[in-house]
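Converting from the sequence shown to the working numbering requires adding 1183 to each position, the first position being numbered 1. The C-beta atom is built at its ideal place from N, Cα and C for all residues, glycine as well.
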Amino acid sequence: MDFKQLLSTTEYSFLKTNPRLAKRIILLGVGGSYAYGTNNENSDIDFRGITLNLPSDILGLTEFEQYEDDKTDTVIYSFNKIVRLLLDCNPNTIELLGLDDDQYLIKTSLGQELLDNKDLFLSKRAAKSFGGYASAQLRRLQNAIARDSLPQQEREQHIYNSVKNALEDFARRNEMFDKGNINIYIDKSDNPELETEIFVDADYKHLPLRDYEGMLGAMNSVIRDYDKIGKRNKKKDDNHLNKHAMHLVRLFMMAIDILEKGEIRTHRTDDLELLRSIRRGDFQKADRTYSDEFYALLSDYEKRLETATNNTKLPDNPDMEKVERFVEYMNKKAIEGEFGE
1184 MDFKQLLSTT
1194 EYSFLKTNPR
1204 LAKRIILLGV
1214 GGSYAYGTNN
1224 ENSDIDFRGI
1234 TLNLPSDILG
1244 LTEFEQYEDD
1254 KTDTVIYSFN
1264 KIVRLLLDCN
1274 PNTIELLGLD
1284 DDQYLIKTSL
1294 GQELLDNKDL
1304 FLSKRAAKSF
1314 GGYASAQLRR
1324 LQNAIARDSL
1334 PQQEREQHIY
1344 NSVKNALEDF
1354 ARRNEMFDKG
1364 NINIYIDKSD
1374 NPELETEIFV
1384 DADYKHLPLR
1394 DYEGMLGAMN
1404 SVIRDYDKIG
1414 KRNKKKDDNH
1424 LNKHAMHLVR
1434 LFMMAIDILE
1444 KGEIRTHRTD
1454 DLELLRSIRR
1464 GDFQKADRTY
1474 SDEFYALLSD
1484 YEKRLETATN
1494 NTKLPDNPDM
1504 EKVERFVEYM
1514 NKKAIEGEFG
1524 E
């Protein structure tokens, strides 16, 4: 696939004509399956990039976080926003700093300086961020299997366990539970289509609405993901499940590389045989559950991640003084119009 030639088509003209993009883009690379090397004939093409903020964003009153083009599945983050995401080792964005050289379609001198300084963003936070994303993938996988293979009461119990895990993850990241409490439980349902159902009792005082909304969103995302499964045809659904399974393992691989070696390796050249095998469904059984071999593989990666987290030489958190200096340097270039070539 000639991606650079694709960028010259009218479909991608916004990259050259939009004043927030054009010469201000410092990095643009392939994303998704093409970035990991796990693409097949059905894979979508998507691009991810970084653009410098306008002077008015930095010194004035305008705000800009990202540009999205749904038709081409292209997302361009502002420099200031992606810095915030990189500081948390956000898996969806930090992978942009770990592509092979030929996977970058635009890379200016400032883009290269960002790549040269990517160590600034590596810390033990990777264990939590990648581990959190991996847990979400595992929940989606388990929810999908449970929907098709368990009686309604057992399915509801499975959803309950996933919702409870999501709620505990949310609680670890927030400090709202000193303002009250929430209790989720399963009881007999009044809905004639359900035997049992998950219920919620909540008691809060002076709780910011946005915090409450975030907590509900964390739980609703589990229900939403669960309900989506089964609305597809079986073949498409199997592809969806196997893709989840593959990404679950890939997230562990990338996290371990970051913690053990201090490396961001997005293109999984040495792991493609295993990842493609998972995506093909080689670990899926006839009843659409997964083999003991697959769960043994997951267990091994979980242990490796725990060991890597305990033994890593990475700091607990990024050195914010160094990060601040680098951000100031880059934003000064953005203000002065020195975008690099």
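Residue i beta carbon near the ligand ATP (any heavy atom closer than 7 Å)
i: I1208; result: The model on display carries no ligand, and the ligand ATP is accordingly not part of it.
Distance between residue j and residue i (C-alpha atoms, nearest Å)
i: D1483; j: G1464; result: 20 Å
i: E1504; j: Y1250; result: 29 Å
i: K1301; j: I1277; result: 9 Å
i: Y1217; j: D1453; result: 15 Å
i: V1405; j: I1342; result: 8 Å
i: Y1287; j: D1229; result: 12 Å
i: R1433; j: E1443; result: 15 Å
i: E1246; j: N1263; result: 10 Å
i: L1279; j: D1373; result: 49 Å
i: Y1387; j: Y1395; result: 9 Å
i: E1528; j: A1319; result: No information on residue 1528 is available, as it lies outside the stretch 1184 to 1524 that the chain covers here.
i: N1223; j: H1423; result: 13 Å
i: N1344; j: P1375; result: 23 Å
i: A1385; j: P1391; result: 14 Å
i: D1525; j: D1185; result: With the chain covering 1184 to 1524 only, the question about residue 1525 has no answer from this structure.
i: Q1467; j: L1189; result: 36 Å
i: R1393; j: G1400; result: 10 Å
i: G1294; j: V1266; result: 13 Å
i: L1321; j: G1363; result: 30 Å
i: I1365; j: N1348; result: 13 Å
i: K1516; j: K1496; result: 32 Å
i: R1451; j: D1352; result: 28 Å
i: K1187; j: I1289; result: 9 Å
i: M1513; j: V1506; result: 11 Å
i: N1494; j: K1486; result: 12 Å
i: E1337; j: A1491; result: 35 Å
Top-ranked residue by Cα proximity to residue i, from the options
i: L1480; options: K1264, P1375, S1460; result: S1460
i: N1500; options: P1238, F1522, F1304, Q1340; result: F1304
i: G1523; options: Y1195, A1205, Q1340, Y1387; result: A1205
i: D1283; options: T1257, G1243, K1347, L1210; result: L1210
i: D1253; options: Q1295, I1241, F1197, T1221; result: F1197
i: D1285; options: S1474, T1449, T1490, E1511; result: T1449
i: L1298; options: P1498, L1237, E1446; result: E1446
i: L1268; options: F1313, G1243, N1364, L1293; result: F1313
i: L1237; options: Y1219, P1202, R1407; result: P1202
i: E1456; options: T1257, L1293, G1212, G1220; result: G1220
i: A1317; options: K1486, K1362, F1435; result: F1435
i: T1255; options: N1493, K1371, K1187, E1194; result: E1194
i: G1232; options: E1248, I1367, K1515; result: E1248
Beta-carbon gap between residue i and residue j smaller than 8 Å
i: F1143; j: A1438; result: As shown, the chain starts at 1184 and ends at 1524. That puts residue 1143 outside it, with no answer to give.
i: T1234; j: S1261; result: yes
i: V1346; j: M1398; result: no
i: E1380; j: E1339; result: yes
i: I1241; j: I1518; result: yes
i: D1421; j: R1471; result: yes
i: S1226; j: G1215; result: yes
i: L1324; j: L1431; result: yes
i: I1369; j: V1383; result: no
Below-8 Å beta-carbon distance, residue i vs any chain C residue
i: L1280; result: The structure shown contains no chain C; it is built from a single protein chain.
Counterpart residues of residue i in DSSP-defined beta bridges
i: K1529; result: Summary: the structure shown does not reach residue 1529, with the chain confined to residues 1184 through 1524, and so no result is reported for it.
i: L1211; result: G1232, I1289
i: N1364; result: D1386
i: Y1473; result: Q1467
i: V1258; result: R1231, E1251
Self-check item: At least 3 beta-carbon pairs within less than 8 Å: the region 1306–1316 vs the region 1266–1274
Solution: yes
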